[in-house]
């Protein structure tokens, strides 16, 4: 989530610069909001199933994690509202989906509606002591996700990633901190 916020900030600054606009607070906040938008289905899963239903929490990427939806919405915004707002929406939402395709979770259905398979790139975190083969692209059958969750999930993932030295957490913190420093420098 911290990296998504950082990506939203950086995208807002970059898109404003690209279109020769001053990065307003509204534009920056929209970048952050757009970057977090795909995880609204997590909030829905949390409210509907409660915090103890780990399978619902892990599988929250079923509805708002289809890239084609954001391409269409970004195109609509660019054509009918503002090119800058459309590009900001497209970049931030797709950056979120790219982030969700590396490391945690079971990826994103990048080829939906042509395929309902989820894809994870480069690396997938699993329970300490278990391993997946190293490869550039992992392709997960939706019908097998529940079995994969049972086999590879780490019940202590929050503690093991965010409260111990871990490269995933370091990436999130460094990305977020860098974006805040850049924001302060640009607006300074």
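In the numbering used here, the protein residues as written are 16 to 203. All C-beta atoms, glycine included, are put in the ideal place defined by N, C-alpha and C.
Looking at residue j and residue i, is the spacing between their C-beta atoms short of 7 angstroms?
i	j	result
residue 107	residue 49	yes
residue 103	residue 46	yes
residue 191	residue 21	yes
residue 81	residue 127	yes
residue 177	residue 145	no
residue 18	residue 114	yes
residue 151	residue 139	no
What's the C-alpha gap between residue i and residue j?
i	j	result
residue 101	residue 116	23 angstroms
residue 118	residue 153	11 angstroms
residue 109	residue 96	19 angstroms
residue 67	residue 141	19 angstroms
residue 91	residue 63	31 angstroms
residue 123	residue 203	37 angstroms
residue 182	residue 188	10 angstroms
residue 44	residue 172	29 angstroms
residue 133	residue 84	16 angstroms
residue 165	residue 143	14 angstroms
residue 34	residue 40	16 angstroms
residue 205	residue 125	Nothing in the structure corresponds to residue 205, since the chain is present only between 16 and 203.
With H, G and I counted as helix, E and B as strand and the rest as coil, what does DSSP make of residue i?
i	result
residue 136	strand
residue 102	helix
residue 153	strand
residue 65	coil
residue 118	strand
residue 123	strand
residue 40	helix
residue 169	coil
residue 80	coil
residue 145	coil
residue 34	coil
residue 194	helix
residue 182	helix
residue 188	helix
Can you round the beta-carbon distance between residue i and residue j to whole angstroms, since I take them to be within the 8 angstroms contact cut?
i	j	result
residue 36	residue 99	6 angstroms
residue 31	residue 42	6 angstroms
residue 55	residue 86	Contact flag wrong, Cβ pair sits at about 18 angstroms.
residue 76	residue 120	6 angstroms
Q | At least 3 beta-carbon pairs within less than 8 angstroms: the region 24 to 36 vs the region 188 to 203 | A | yes
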